[in-house]
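Asker: Taking UniProt numbering, the leading residue of the sequence shown gets 1, the next gets one more, and so forth. Just so it is clear, CB atoms sit at the ideal spot from N, CA and C, and this is done for glycine as well.
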Amino acid sequence: MKISQMKNVVPLERKKEVSEVEWKKAKEIADYLGISRPTLSKLTHRKVDPIPFSKLSGMLQYDLQKVKEWEERNRTYNYKEA
């Protein structure tokens, strides 16, 4: 890019809000959901609506807020109608 063309370059705006992600390990999420780690692994790798995760430093890490959203979407209600 030539210097004459750089006059038209507009700097990107950065997000003003920086969200703090609360990363949790598999054991913590399994305990939170009340399930075993093998069950957590199955739910993480299922094809339809898996539990959201990221791979950080080679380990699966879970964003607690996204896990809570997933839990709300996948909650089943076991109750008898009155």
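S54 by DSSP, collapsed to three states: which one?
Answerer: As a working note, residue 54 is residue 54 in the sequence shown. It is a strand residue.
Asker: Determine the DSSP secondary structure at L12, reduced to helix, strand or coil.
Answerer: Position 12 of the sequence shown, counting from 1, holds the residue named residue 12. Here L12 sits in coil by DSSP.
Asker: Skipping 5 residues on each side, what residues in its chain have a beta carbon closer than 8 Å to that of K55?
Answerer: Here the question's residue 55 lines up with position 55 in the sequence shown. Excluding sequence neighbours, K55 sits near Q61.
Asker: Should A82 be labelled buried (16 or more other beta-carbon atoms within 10 Å of its own) or exposed?
Answerer: Within the sequence shown, residue 82 is the residue found at index 82, counting from 1. Note that A82 scores a pLDDT of 48, beneath 50, so its modelled location is shaky; the value from the coordinates is reported in the next line. Exposed, since its Cβ has fewer than 16 Cβ neighbours within 10 Å.
Asker: Which residue's Cα is closest to the Cα of V21: F53, E72 and N74?
Answerer: The count along the sequence shown starts at 1 and reaches residue 21 at position 21. For V21, the nearest C-alpha among the options comes from F53.
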